[in-house]
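A short worksheet on the structure shown next.
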Amino acid sequence: MSPTIREVIQESESRLSGVDSPRLSAELLLAHALGCPRLTLTLDRDRALSDHELASVEALIRRREGGEPVAYILGTREFYGLDFLVTPAVLIPRPETEHIVEEVEKAFDKRAEFRFADLGTGSGILAVTIATLFPGASGVAVDISAEALAVAEENAKAHGVADRIDFQQLDFTRETVEGEFDLIVSNPPYVTQREFEEASREVTAFEPTGALVSGEDGLDHVRAMLPGIVTSLKHGGRLLMEIGFGQGDAIVRIITNNYPIFDEVTVLKDLAGLDRVVSTKRL
Numbered sequence: 011m012s013p014t015i016r017e018v019i020q021e022s023e024s025r026l027s028g029v030d031s032p033r034l035s036a037e038l039l040l041a042h043a044l045g046c047p048r049l050t051l052t053l054d055r056d057r058a059l060s061d062h063e064l065a066s067v068e069a070l071i072r073r074r075e076g077g078e079p080v081a082y083i084l085g086t087r088e089f090y091g092l093d094f095l096v097t098p099a100v101l102i103p104r105p106e107t108e109h110i111v112e113e114v115e116k117a118f119d120k121r122a123e124f125r126f127a128d129l130g131t132g133s134g135i136l137a138v139t140i141a142t143l144f145p146g147a148s149g150v151a152v153d154i155s156a157e158a159l160a161v162a163e164e165n166a167k168a169h170g171v172a173d174r175i176d177f178q179q180l181d182f183t184r185e186t187v188e189g190e191f192d193l194i195v196s197n198p199p200y201v202t203q204r205e206f207e208e209a210s211r212e213v214t215a216f217e218p219t220g221a222l223v224s225g226e227d228g229l230d231h232v233r234a235m236l237p238g239i240v241t242s243l244k245h246g247g248r249l250l251m252e253i254g255f256g257q258g259d260a261i262v263r264i265i266t267n268n269y270p271i272f273d274e275v276t277v278l279k280d281l282a283g284l285d286r287v288v289s290t291k292r293l
C-alpha cells in the first residue's frame with residue numbers, strides 16, 4: 011500500500027534532520043509537489059500518494075538532503091506579502107530586510123511622487139516592493155550581476171511595475187548612479203570573511219558569495235558606496251541601508267567622521283534587538 015501524506019512527511023522530516031527546519035522543509039516541498047496549500051496536508055493527511063506523486067516528492071527531498079535551500083528548489087520566496095522569483099543568481103530574501111520597507115512607509119505618504127535608487131538590487135525585492143506600495147514612485151535598481159538583474163526584471167514585470175524601474179548593470183562601489191534621488195535604499199554585502207566561513211553550508215555552498223561578503227570587517231562596500239550616495243542623494247533625501255548585527259556604531263562613525271553632510275544618523279534595531287538598518291538624511 012502506498013504511504014499516506016502523514017507518513018511521507020514523517021519520513022521526509024527524518025531524512026532532512028541534517029538541514030535547517032526539517033519539518034517545515036518537508037511540508038513545503040510536499041505541498042509544492044502536490045500543488046496544494048500546506049493546510050491541505052493536514053486535512054488530507056491520511057490520503058495515499060500515487061507513484062507519480064511519490065516520484066515528484068522524492069526528487070525534491072533529495073535536493074534538500076544535499077543542502078539546497080528550499081527557496082531555490084521552489085523558485086520563489088515571499089517578501090512583504092509579495093511573491094518573488096529567486097534563483098541561485100540572487101540572495102534569498104530575508105525578513106530582516108523588510109525593516110527598510112517599513113521605514114520607507116513611515117517616511118513617505120502613499121500618494122507621494124518620488125525618485126528612488128536601489129543599490130545592489132539582487133532579486134529586486136526592495137525596488138519592486140517600493141514601486142508596488144507607492145504608485146507615484148519611480149527609480150533605478152542597479153546590480154553588478156546581469157543574471158541578478160534578469161531575475162529582478164522578471165519580478166518587476168510580475169508585479170506590474172517594470173515601467174517605473176530602470177534596471178542598470180553597474181558596480182555601485184565604483185560607479186555613481188546617474189540622477190538625483192529622494193530616497194536611496196540598499197542591502198549591500200556586509201558579512202565578514204570569518205562570519206562567512208562559519209556560516210551554514212546552505213549559505214556558503216549555494217548563495218552568491220559576492221552578494222554576501224565585504225572584506226575582513228564586512229564594511230568594504232559601505233565605505234566604497236558612500237561617496238556616490240552623497241552625489242546622488244537630493245538635499246533632504248533619505249538613505250536606508252541594511253547592516254549586520256553589531257555594525258551600527260562602526261558605520262555611524264564612518265558617516266559622521268567623513269560625511270558631515272549627513273544628519274540624524276540612526277541605527278534601527280530588528281525584532282531581536284540587533285543592529286539592522288542605518289537611517290540618515292542629507293542636509
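Every position in the sequence shown, counted from 1, becomes a number in the working numbering once 10 is added.
Note that the Cβ used here is the ideal one computed from N, Cα and C, for glycine as well.
All values derive from a computational prediction rather than experimental measurement.
Cβ-Cβ distance between residue i and residue j below 9 Å
| i | j | result |
| --- | --- | --- |
| ASP285 | LYS291 | no |
| PHE177 | PHE126 | no |
| GLY247 | LEU193 | yes |
| VAL138 | ALA99 | no |
| ALA147 | PHE124 | yes |
| GLY238 | THR183 | yes |
| PRO79 | GLU217 | yes |
| ALA158 | ALA221 | yes |
Inter-residue spacing [alpha-carbon to alpha-carbon] between residue i and residue j
| i | j | result |
| --- | --- | --- |
| VAL232 | ALA260 | 11 Å |
| VAL67 | LEU40 | 6 Å |
| VAL275 | LEU101 | 27 Å |
| HIS245 | GLY91 | 32 Å |
| LEU250 | PRO13 | 50 Å |
| THR241 | ARG72 | 49 Å |
| GLU207 | LEU53 | 42 Å |
| GLU164 | LEU95 | 8 Å |
| ALA168 | GLU188 | 26 Å |
| ALA151 | ASP128 | 5 Å |
| LEU59 | ALA65 | 10 Å |
| ALA43 | GLU63 | 7 Å |
| THR97 | SER27 | 24 Å |
| SER35 | PHE255 | 26 Å |
| ASP230 | GLU212 | 24 Å |
| THR219 | MET11 | 46 Å |
| LYS120 | GLN257 | 31 Å |
| SER31 | VAL223 | 24 Å |
Residue range of the beta strand (DSSP E) that includes residue i
| i | result |
| --- | --- |
| GLY247 | 243-252 |
| SER22 | Counting along the chain, SER22 falls outside any beta strand (DSSP E), though it belongs to the alpha helix (DSSP H) covering 15-25. |
| THR276 | 272-279 |
| VAL100 | Counting along the chain, VAL100 falls outside any beta strand (DSSP E), and DSSP gives it neither H nor E. |
| ALA151 | 147-153 |
Coil, strand or helix - residue i by DSSP
| i | result |
| --- | --- |
| PHE255 | coil |
| PHE177 | strand |
| ARG286 | strand |
| PHE191 | strand |
| ASP227 | coil |
| PHE89 | strand |
| SER35 | helix |
| ARG74 | helix |
| ALA127 | strand |
| PHE206 | helix |
| VAL262 | helix |
| LEU95 | strand |
| ARG184 | coil |
| ARG211 | helix |
| SER66 | helix |
| VAL29 | coil |
| ALA221 | helix |
| ARG233 | helix |
| ALA122 | coil |
| VAL201 | strand |
For residue j and residue i, believed in contact at Cβ under 8 Å, the rounded distance
| i | j | result |
| --- | --- | --- |
| ILE253 | TYR200 | 6 Å |
| ILE175 | ALA141 | 6 Å |
| GLY77 | VAL29 | 6 Å |
| LEU243 | ASP273 | Incorrect: roughly 12 Å between the Cβ atoms, too far for contact. |
| VAL287 | GLU113 | 6 Å |
| ALA81 | ARG87 | 4 Å |
| ARG25 | ASP56 | Wrong, their Cβ atoms sit about 21 Å apart, outside the cutoff. |
| ILE110 | VAL171 | Their Cβ separation, rounded to whole angstroms, is 17 Å, which puts ILE110 and VAL171 out of contact at 8 Å. |
| PRO103 | SER133 | 6 Å |
| PHE37 | LEU51 | Note that residue 37 corresponds to Glu in the displayed sequence, not to Phe. Confirmed, about 6 Å. |
| LEU180 | ILE154 | 7 Å |
Distance cut-off 8 Å: residue i Cβ against heavy atoms of the ligand SAM
| i | result |
| --- | --- |
| ASN267 | Among the components of this structure there are no ligands whatsoever, and the ligand SAM is therefore not found. |
Unbroken alpha helix (DSSP H) run spanning residue i, endpoints
| i | result |
| --- | --- |
| ALA158 | 156-168 |
| VAL114 | 108-117 |
| THR139 | 135-143 |
| ARG48 | 48-53 |
| VAL80 | 80-84 |
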